[in-house]
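Here is the structure we will look at, set down as structure tokens.
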Amino acid sequence: MSTDAGAAAHAGTAVNAERRAAVVAGVLFLVTEVAAIAGAALYRPLLGGGPGADNRALIGALCELVLVAAVAGTGVTLFPVVKRWGEGLALGYLCARLLEAAVILLGIVAVLALTTVRREAAQPGATAADAALVAVHDWTFLVGPNIILGLNTALLAWLMYRSRLVPRPIAVLGLVGGPLICASAAAVMFGLYAQLSVPGSLAALPVFAWEVALAVRLIVRGFGRTRGSD
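Residues in the sequence shown are numbered consecutively from 0, following numbering that gives the first Met the number 0.
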């Protein structure tokens with residue numbers, strides 16, 4: 000009986016840990032959406048050359064530092080849960096999520112450096128440095144929250160689809176959205192349209208819907224295994 004009781008206690012502890020992981024991951028996914036939108040909105044005037052945008056850009060950079068922590072946090076939190084359905088894929092997701100955070104961080108540094116250049120605009124070479132930093136940010140914005148995001152979205156969505164830890168319609172959103180946002184990023188790279196455009200925004204919608212739907216599911220219901228999971 001003591002063995003059975005110990006096993007039951009261990010199982011209960013594992014379930015509680017998994018439930019906490021689901022809530023933490025869900026909250027972090029919502030934080031990524033809020034921080035990304037707030038950061039981009041706050042420092043966009045600086046990138047466009049608008050006057051007096053420095054303070055807003057600094058607040059935007061702080062928002063994106065929160066974004067970096069949340070992006071890395073989702074990978075770290077979900078890895079122990081999803082690795083049981085494919086450790087290699089789960090490790091790939093974790094690495095891609097950390098890489099996305101690193102690229103976003105590079106973009107933040109470019110924005111912070113741009114605020115310094117704008118304050119010293121009268122110095123020789125300031126205009127060229129200004130343009131270079133804007134370009135660095137724009138490329139990090141394309142590579143990190145688009146190409147790498149698309150990759151880690153597809154990896155996590157496949158793991159969720161395979162394990163049935165969330166309903167399959169939610170996983171399908173990620174399976175569609177990940178490749179779609181990667182394809183859109185490639186189109187932007189080759190100049191077919193701008194990243195901040197109607198086509199670019201439409202291509203990003205499935206990933207946005209996937210992350211929000213996944214977050215709400217994890218917070219409200221946690222992970223759920225349905226019949227027929229692998």
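Beta carbons: idealized from backbone N, C-alpha and C, even for Gly. On a predicted model such as this, the values are computed, not experimentally measured, just so you know.
Task: Straight-line Cα distance separating V23 from I310 - done: Missing from the structure shown is residue 310; the chain here goes from 0 to 229 and no further.
Task: Within 8 Å, strictly: CB atoms of L93 and G74 - done: Stepping through the sequence shown from its first residue, residue 93 is reached at position 94. Stepping through the sequence shown from its first residue, residue 74 is reached at position 75. Taking C-beta atoms as the reference points, L93 and G74 count as a pair closer than 8 Å.
- [ ] Select from V70, L90 and L195 the residue whose C-alpha is nearest the C-alpha of G47.
- [x] For the purposes of this step, residue 47 is taken as the residue at position 48 of the sequence shown. The shortest Cα separation from G47 among V70, L90 and L195 belongs to L195.
TODO: Would you decide whether S240 is buried or exposed? Buried here means 16 or more other CB atoms lie within 10 Å of its CB.
DONE: Because the chain is modelled from 0 through 229, residue 240 falls outside the range shown and cannot be assessed.
- [ ] Could you say which of A68, R118, L132 and T126 lies nearest to A109 if we only look at CA atoms?
- [x] Residue mapping note: residue 109 aligns to position 110 of the sequence shown, counting from 1. Of the listed residues, the one whose Cα sits closest to A109 is L132.
Task: Sub-8 Å separation of P205 and V165 beta-carbons - done: Locating residue 205 in the sequence shown gives position 206, counting from the first residue. Locating residue 165 in the sequence shown gives position 166, counting from the first residue. Not in contact: P205 and V165 (Cβ atoms no closer than 8 Å).
- [ ] Specify, as a first and last residue, the run of the alpha helix (DSSP H) that N151 falls within.
- [x] For the purposes of this step, residue 151 is taken as the residue at position 152 of the sequence shown. Start and end: L148 to S162.
TODO: Can you tell me which of I146, A212 and P168 puts its alpha carbon nearest to the alpha carbon of A185?
DONE: Working through the sequence shown from its first residue, we reach residue 185 at position 186. Among I146, A212 and P168, the Cα nearest to that of A185 is on I146.
- [ ] Mind reading off the beta-carbon distance from L150 to A101? Whole number of angstroms is fine, and I expect it under 8 Å.
- [x] For this step, residue 150 is matched to residue 151 along the sequence shown. For this step, residue 101 is matched to residue 102 along the sequence shown. At roughly 14 Å, the Cβ-Cβ gap does not stay under 8 Å, so L150 and A101 are not in contact.
TODO: Report the rounded CA-to-CA distance for D229 versus W84, giving the unit in angstroms.
DONE: On the sequence shown, position 230 is the one that residue 229 refers to. On the sequence shown, position 85 is the one that residue 84 refers to. Bear in mind that a pLDDT of 39 at D229, under 50, signals an unreliable position, so the number given afterwards is only what the model happens to contain. One C-alpha to the other measures close to 7 Å.
Task: Boundaries of the alpha helix (DSSP H) in which P168 is found, first to last residue - done: Position 169 of the sequence shown holds residue 168. From DSSP, the alpha helix (DSSP H) with P168 extends over R167 to M188.
- [ ] In the DSSP assignment, find the alpha helix (DSSP H) that holds P205 and state where it starts and stops.
- [x] Here residue 205 corresponds to residue number 206 of the sequence shown, with the count starting at 1. It spans V197 to V219 - the alpha helix (DSSP H) in which P205 sits, taken as one unbroken run.
Task: Between the CA atoms of G106 and V67 - distance to the nearest angstrom - done: Mapped onto the sequence shown, residue 67 falls at position 68. Mapped onto the sequence shown, residue 106 falls at position 107. If you draw a straight line from the Cα of V67 to the Cα of G106, it is about 11 Å long.
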